[in-house]
Structures are given as structure tokens and as C-alpha cells.
């Protein structure tokens, strides 16, 4: 039965366990195998054992480097030579710049004017060529299209791309090797690239593992999509988690729809509280989007739901660490 | 020749490779094996390969838990039952409280009134009984003596104690297993417990490894002691590195004198700059005392000294992560 499911998923989705294992092999020389941190204090607050997969320590400061690396090193030489282009609020942009630099090809990065300063600096540090756009997705996409036409660069979408999904999925391969007793994984959800890869890999290895998405209440398109049974987009989003404002794509949605067990939404206050715990207890700088898994595991919705009472060994993906210290300090003062 | 040296050190010093290996066996069930982080960005700034041993992720937020654990679990049951007492500005205090809690015995902690808030909170969180003293070492010692007389508790000195030195030395055993190519280790120096253990273990394993102490210019008693050939104490200290204000003890001094290759002093500005790099590039919260190894490796004194030009693979001990976010933010703004 599991084999059947797996075969089906191999056919149906934009990535599968084989493409994820290929990605692992392809990107291994370039990425960090990130460590797992744990804390008795947080375990006792949560009433479960928590294992933090620290993608904030990944190159470029976020998991995005895995997918970007896989995409860039998948390109044929002819394709690669003209470079890559993307539009992104930050972490994917920096990751793509860095991966392009490693391959020695140009990266054109369309960035909306309201992107966090530290993320823009990361792009520049890694040699990406910044092209500004307006904040709207329309403007971002049209500027990216224009660059693509002018340069012949390959568009690498931040999440709606099988190579990206496969790259992000390598996190599960590492996590389950590092902590084989994991029974649940909690993953931030935005466009769905991360959770798609993580879910495909984790459930191929162990179909009984539960994967839960964590989403900000002010950008809860995934929760609404799961409830409606179709992709729902929102007229606007409102959350401190700047990395979690995108909506599901046509490649990520089927995976989220079929394989993600549930979506847990949390408020910005809970996100900031989790960011504070990461800083004070784990001693790790985690950006708002990156702490949402911890916020979810501490939320009443998760704690009190009998469906999750057997979740004892929980992997939490701290997805990124790019947060301006001033922003962190201001948020803490608002608590 | 090396064997002779080692035999001599076995006889002469308060700890040795055997006591350190015993400590490792004793404390293994309780401590975190802390991860190594590295960063291409920092490597390229430093012009060497840097390997950060993240003791900021140790239980209690600092390496001190290793020594405290070794001391507490070395006690016979009769001794242990009356508890332990110490005076400490913070990390040793929290570590001793936590280790005592694990053994189920009381910990009496004498803390000077100017200790950082987050460190005092750690002591309380781990169940230590706080007893306040004045800031001076005289007051701290006399209050601790009084508590000892009243309770019969065993005094566990923060650094001038073979059990403590042996516990801290376990860092080298892990570090050299994790990164066998290490040729140099840079270690914060204060009372000398950490560097004594680290040096004894590292040089027993590989006598050609260089060990350098990193010390704040405003509390440079170790540099002055090495220069004078005897323990020098200072009338006062002035540094942001609150964990590095103690002076060498009679058990740590001979080890520092004979085996530590040099002392590199750095200013507070360099310490804060290193703290900023740890936060922004490594994504790790490191307290001022904990970042001094990075500050040292980036200092002109180290970079330009021909004696260290062959130091290519450098282990840097990020010794602790207990820093109030407000303090971090204020220091960054003063840069």
C-alpha cells in the first residue's frame, strides 16, 4: 500500500524521493550539514522532545541555499552561461546569488523595495545584481520577465519548481539520519517549496511521520486552501514573518493538499515570543518566519488537539536566521 | 621527549589527560556534545579556516557546565548531600545550580550585585539559592565562607580546582575528534580553568597544536603574568567582557605559564565587533567574553605576527551565550 502511494506520488508530483536523493548528492559538496539543537528547558515548556534543525546556520543564513544550489547545478552548461534571474523578498535571492557565484555565472535579483535590509545586503555580499521593483507581485514578476528577455537568464522561481522542492527536501534526509526517532515535523509554510520537499522525503522514508505546516494568521492562505480544497489567495497579508507572505503555487499545492497533515496558524505575538525563546534559551538568531514552528508547537491549537497528543519527538525546522538585530529588539519591546 | 613532558605534566599540574578522559566519561550522559560551525565569509575575512566550537549551546549557555558537572558527580554521597557553594558572576553559578539539580542536592550561589540579569535568572531557573554579596572579591569570598560554615556545603571554586579544569578539558577531546586538522586553538582566558583544561588535553593528543589565550586589554593580568613570570593581579579591571575579569589562580597559573603559547589582548571595540559578526554572520548569540577568540584572530597582533602565519585551521571556543539582547543592541549602537 505504501509502495503504491509512493509510486503514485512519484508520478504525480513535481519532485519525489529519487529527485531528492539526487539533489542531496548534487549539493552535498556545497552545503552545510546543519546541526540539531535541543533544550531541556524548551522540552519541559512544550511537554515533548523538540529537535531543532538549524537551517539558520545554512550558507546564506537559510534553507533556501539547498534548493538554489540544486537548481543551479542542474543546469546544462549552455543554459547556465547566461545566468539566472529571480524575484524574491530575500533569502532565496541571497541563496541564488551565492550558488551562482559558486558556479561562476551571473544572478539577476529582482527585489521589492520593502525587503529587510540584512537580506538585501546578503544578496550584494554574494555578488547578486540587485534590480529594484515595486512591492506588488505583479511588479516583481514583470520586472523579472523583462530581465529574462534582455539577458536570456533562466528564471528560477523561489518555490514553484521541482528542482527547488527537491533541494529543500534534503533537510528531511539529514534530519531523519540525525534523529531517527522523529515522529512529527513542523515546517513553516509560505509558497510551499520547503514543506513540499520535506514532506515528500519524510513520508517516503517513514509514511507514519506526521508533517504539520505552521503559518501566520495574517497570511493564512494555506490553511484556507486546505479548508476549501483549492488554492486560495488573499487580497493582502499582514504579518511580521516577511518570509511567509507568498501563496501556494500549482506545483506545491497538490503536495500540501494530499500529504501535509494539517496547518497550524499562529499570531505575530506568538512568533515574537518564539523568537525570544530562540535567542534567550537556544542562543540562536532566528528570523520571524524561522521561529514559527516553535510558536506552533507551543500554541493551544497544537497542545490541546487530541490528534497530536502522540507527537512525542518533534523536528522543528528553524528555517532562517536573517533578522536585523534592531528589528529583534523592537519586537521584544512590544511584547 | 613528548612522553617525558607528558609524564612530568601528569605529576605537576592539577589535571592531566587521564583526569580529563575520566571527566569525559563521567559527564557524557549530562552534557551536550556541542556542534562546530564554520563560515566561508569569516574564513575569508580571517584568511584562515576557522572552526567555532559552540559552547554557547552547552546546557546553561556556557562551557562551565562541563566542569561543574564533573565536580558535582565526583563527590562522594556523604559529601554531596550537604550541597555545594560557590561565588561567581554568573555562568559557573548557573552551571553549578543545574548540575546540583541533576544530582538532587542544594546549590548555594553567592552573586555580586552587578552580575548581568540574564545570568542571575539562569541561576534561579536551575534552582540555585541566590545569596547576594558586594562586588569585591573579598566580599564574595567571605560570604561564601560563611555559607559554607553554616551549611557544610562543599566549595566548588569556579576555576582553581582540578575537577573543574578536567571538565573544561573535555572540549578539546570533542573538538579534535570533530575537526582533526585543527593546528591552533584560541581560548578566552580569565581565571584560567577553561584554557588549562583545553591546553592539557590538546597538547597531550597533539603536542604541536598551539594554544593561544585571548584576553581583554582592560583585564590583562594573564598577559602581564606571562611577561613577568609570576601571577600579576590588577587593582581594577575595565572591560565589557563580564566573564573575563577574574585573575589566574595557583593551580591554573603553572599550566598557563608552561603550556600556553601566547596571550593576545584585544580592546572592547574589537570584542563588540566580533559579537556583531557572530550574530550577523554565524547567527549565534555569543556573550562578550565568548567572542574574544574571534576578536583575537582578527586582531593585527595575531594577523601580522610571523609566529602565527602557519596557523591555518583554527579552533575558536565560543565559550558562552548569556547576553541580554538589550546589552547587545546598545553595544552595537556604540560601534
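Protein chains in written order, with the numbering used here: chain A, 1 to 335; chain B, 1 to 335. Every residue gets a Cβ at the ideal spot worked out from N, C-alpha and C, and that includes glycine.
Can you list, in chain order, the residues of its chain whose CB lies under 7 Å from that of residue 39(B), leaving out five sequence neighbours each side? For this step, residue 39(B) is matched to residue 39 along the second chain. Within the same chain, and ignoring the five residues on either side of residue 39(B) in sequence, the residues whose Cβ sits closer than 7 Å to its Cβ are 281 and 282.
Does the distance from the CB of residue 218(A) to the CB of residue 199(A) come in under 7 Å? Position 218 of the first chain, counting from 1, holds the residue named residue 218(A). Position 199 of the first chain, counting from 1, holds the residue named residue 199(A). Not a contact, by the Cβ cut-off of 7 Å.
Any 3 or more C-beta pairs closer than 8 Å across the segment 64-75 of chain B and the segment 16-31 of chain B: As far as the Cβ criterion goes, the segment 64-75 of chain B touches the segment 16-31 of chain B, which means the pair count is three or higher.
Return the chain-ordered list of same chain residues with a C-beta closer than 6 Å to the C-beta of residue 161(A), the five sequence neighbours on each side being excluded. Translated into the one-based positions of the first chain, residue 161(A) becomes position 161. Within its own chain, no residue has a Cβ closer than 6 Å to the Cβ of residue 161(A) once the five positions on either side in sequence are excluded.
Could you list which residues in chain B have their beta carbon closer than 8 Å to that of residue 64(A), in chain order? Position 64 of the first chain, counted from the start, is the residue given in the question as residue 64(A). The premise fails here: residue 64(A) is roughly 14 Å from chain B at the closest Cβ pair, so nothing lies under 8 Å.
Could one say the Cβ of residue 283(A) lies closer than 7 Å to chain B's Cβ atoms, at least one of them? Along the first chain, read from residue 1 onward, the residue named residue 283(A) stands at position 283. Yes, residue 283(A) counts as interfacial toward chain B.
Am I right that residue 105(A) and residue 84(A) are in contact with their C-beta atoms under 8 Å? What's the rounded C-beta distance? To locate residue 105(A), count along the first chain from 1; it is residue 105. To locate residue 84(A), count along the first chain from 1; it is residue 84. 7 Å between Cβ atoms; contact.
Chain-ordered neighbours of residue 37(B) on chain A, where CB pairs are closer than 7 Å: What you label residue 37(B) is simply residue 37 of the second chain in a count that begins at 1. Result: 57.
Within 7 Å (strictly less), CB to CB, does residue 325(B) reach chain A? Here residue 325(B) refers to the residue found at position 325 of the second chain. The beta carbon of residue 325(B) falls within 7 Å of a beta carbon belonging to chain A, placing the residue at that interface.
What did DSSP end up calling residue 162(B) once you bin it into helix, strand or coil? Your numbering for residue 162(B) matches position 162 in the second chain. Here DSSP, grouped into helix, strand and coil, assigns residue 162(B) to helix.
C-beta neighbour in chain B for residue 108(A), strict 7 Å: Taking the first residue of the first chain as position 1, residue 108(A) is located at position 108. Interface with chain B (7 Å Cβ-Cβ cutoff): residue 108(A) is excluded.
Between the segment 32-46 of chain A and the segment 172-185 of chain A, do three or more beta carbon pairs fall short of 8 Å? Segments in contact, yes.
Between which two residues does the beta strand (DSSP E) containing residue 112(A) stretch? Taking the first chain and counting its residues from 1, the one referred to as residue 112(A) is at position 112. It spans 107-112 - the beta strand (DSSP E) in which residue 112(A) sits, taken as one unbroken run.
Simplified DSSP state of residue 15(B), which is helix, strand or coil: As a first step, residue 15(B) is located in the second chain; it is residue number 15 there, counting from the start. The three-state secondary structure of residue 15(B), taken from DSSP, is coil.
Which residues in chain A have a C-beta closer than 7 Å to the C-beta of residue 321(B)? List them in chain order. Counted from its first residue, the second chain places residue 321(B) at position 321. Within 7 Å Cβ-Cβ: 283.
Using a Cβ-Cβ cutoff of less than 8 Å, which residues in the same chain neighbour residue 305(B) once the five nearest sequence positions on both sides are dropped? Locating residue 305(B) in the second chain gives position 305, counting from the first residue. Cβ within range, chain order: n/a, list empty.
Checking 7 Å against the spacing of the C-beta atoms, do residue 193(A) and residue 231(A) come in under that value? The residue you call residue 193(A) lines up with position 193 of the first chain. The residue you call residue 231(A) lines up with position 231 of the first chain. No. Outside cutoff.
What does a CB cutoff of less than 7 Å around residue 308(A) pick up in its chain, not counting 5 residues either side in sequence? Position 308 of the first chain, counted from the first residue, corresponds to residue 308(A). 302, listed in sequence order.
Kindly indicate which residue of 331(B), 47(B), 69(B) and 333(B) has the alpha-carbon position closest to the one of residue 170(B). Along the second chain, one-based indexing puts residue 170(B) at 170. Closest option to residue 170(B), Cα to Cα, is 69(B).
Answer with buried or exposed for residue 220(B), where buried requires no fewer than 16 other C-beta atoms within 10 angstroms of its C-beta. Working through the second chain from its first residue, we reach residue 220(B) at position 220. Per the 10 Å Cβ criterion, buried.
In the DSSP assignment, the beta strand (DSSP E) including residue 130(B) goes from what residue to what residue? If you number the second chain from 1, residue 130(B) lands on position 130. Where residue 130(B) is concerned, the enclosing beta strand (DSSP E) stretches over 129-133.
Taking Cβ positions only, does residue 126(A) come closer than 7 Å to chain B? Working through the first chain from its first residue, we reach residue 126(A) at position 126. Under the Cβ distance rule, residue 126(A) does not count among the residues neighbouring chain B, no pair being separated by less than 7 Å.
Kindly list, in the order they appear in chain B, the residues whose Cβ is closer than 8 Å to that of residue 279(A). If you number the first chain from 1, residue 279(A) lands on position 279. 285 and 325, listed in chain order.
Endpoints, beta strand (DSSP E) assigned at residue 214(A): The residue you call residue 214(A) lines up with position 214 of the first chain. DSSP places residue 214(A) in the uninterrupted beta strand (DSSP E) bounded by 210-216.
Considering only DSSP beta bridges, list what residue 313(B) is partnered with. Within the second chain, numbered from 1, the residue matching residue 313(B) stands at position 313. Under DSSP, residue 313(B) takes part in a beta bridge, and its partners are 49(B).
Listing by chain order, which chain A residues have their CB less than 7 Å from the CB of residue 328(B)? Here the question's residue 328(B) lines up with position 328 in the second chain. The answer, in chain order, is 325.
For residue 47(B), which residues in chain A fall below 9 Å Cβ to Cβ? Working through the second chain from its first residue, we reach residue 47(B) at position 47. Under the 9 Å cutoff, chain A gives no residues; its nearest Cβ is about 17 Å from residue 47(B).
Which residues DSSP lists as bridging residue 155(B), in chain order: On the second chain, residue 155(B) is found 155 positions in, with the first residue counted as 1. DSSP, once it has assigned bridges, lists 85(B) as partnering residue 155(B).
Selected residue, minimal CA-CA separation from residue 12(B), among 276(B), 259(B), 188(B) and 45(B): As a first step, residue 12(B) must be located in the second chain, where it is residue number 12. Scanning 276(B), 259(B), 188(B) and 45(B) for the CA closest to the CA of residue 12(B) turns up 259(B).
Backbone CA spacing between residue 17(A) and residue 317(A) [nearest angstrom]: Walking along the first chain from the start, residue 17(A) turns up at place 17. Walking along the first chain from the start, residue 317(A) turns up at place 317. Between the alpha carbons of residue 17(A) and residue 317(A) lies a gap of roughly 19 Å.
Which ranges would you report for the beta strand (DSSP E) in the segment 253-333 of chain A if only whole runs of at least 3 residues count? For the segment 253-333 of chain A, whole beta strand (DSSP E) runs of length 3 or above, ordered along the chain, are 262-266 and 313-318.
Who are the neighbours of residue 61(A) on chain B, taking C-beta pairs under 8 Å? Here the question's residue 61(A) lines up with position 61 in the first chain. Counting only Cβ-Cβ distances below 8 Å, residue 61(A) has contacts in chain B at 283, in chain order.
Under 7 Å between C-beta atoms of residue 191(B) and residue 229(B): Residue 191(B) sits at position 191 when you count from the first residue of the second chain. Residue 229(B) sits at position 229 when you count from the first residue of the second chain. No, the pair does not count as a contact, with Cβ atoms beyond the cut-off.
Output the boundary residues of the beta strand (DSSP E) element that contains residue 186(A). What you label residue 186(A) is simply residue 186 of the first chain in a count that begins at 1. Start and end: 184-188.
In DSSP terms, what residue 37(A) is bridged to: Residue 37(A) sits at position 37 when you count from the first residue of the first chain. Answer is 52(A).
What do you get for residue 233(A), buried or exposed, if any count of 16 or more other CB atoms within 10 angstroms of its CB means buried? Taking the first chain and counting its residues from 1, one reaches residue 233(A) at position 233. Exposed, by the Cβ-count rule.
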